[in-house]
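**Q** In the UniProt record's numbering, the protein residues as written are 1 to 111. For every residue, glycine included, the Cβ atom is placed at its ideal position computed from N, Cα and C.
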Amino acid sequence: MPKVRILPHPELCPEGRDIDVRRGASLCESLLTHGVAIEHACEMVAACATCHVHIREGGASLAAPDDEEDDQLDHAWGLDAQSRLACCVKLRDTDLVIEFPRHTRNHAREH
1 MPKVRILPHP
11 ELCPEGRDID
21 VRRGASLCES
31 LLTHGVAIEH
41 ACEMVAACAT
51 CHVHIREGGA
61 SLAAPDDEED
71 DQLDHAWGLD
81 AQSRLACCVK
91 LRDTDLVIEF
101 PRHTRNHARE
111 H
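1) Which residues does DSSP pair with S83 in a beta bridge?
2) Less than 8 Å between the beta carbons of residue 132 and P8, yes or no?
3) Would you tell me roughly how many angstroms separate the C-alpha atoms of D67 and V45, rounded to the nearest one?
4) Quick check on DSSP: helix, strand or coil for E69?
5) Can you tell me which of the three DSSP states E15 falls into?
The following block contains the structure:
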């Protein structure tokens with residue numbers, strides 16, 4: 001069973017943690033299942049960038065982002081070469097190390 005190591009984030013996972021995940025599940029679903037309150041304003045349909053994460057290790061094993069994900073990532077704060085939308089990442093057999101960006105912008109919550 002693959003694992004995801006979550007690096008510490010002051011709000012979402014202050015201590016960091018490792019979780020066992022199911023192959024084929026989305027990263028966002030897996031985080032929510034394990035009680036990590038990642039934002040997902042569009043309900044995981046790749047229509048926002050609130051579930052933006054950085055895949056610090058293991059990213060080469062994932063399918064490349066499609067055009068829709070790339071378009072939404074353009075709106076993410078703190079974008080880097082390891083940025084992905086957690087709702088678009090389908091887990092495989094490889095372990096991942098992820099980091100949440102320090103800031104996110106949830107337009108739905110702001111109004």
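**A** Quick answer:
1) Paired residue(s): H54.
2) Lying outside 1 to 111, the shown extent of the chain, residue 132 is not represented and no answer is given.
3) Each residue's alpha carbon lies about 13 Å from the other.
4) helix
5) coil
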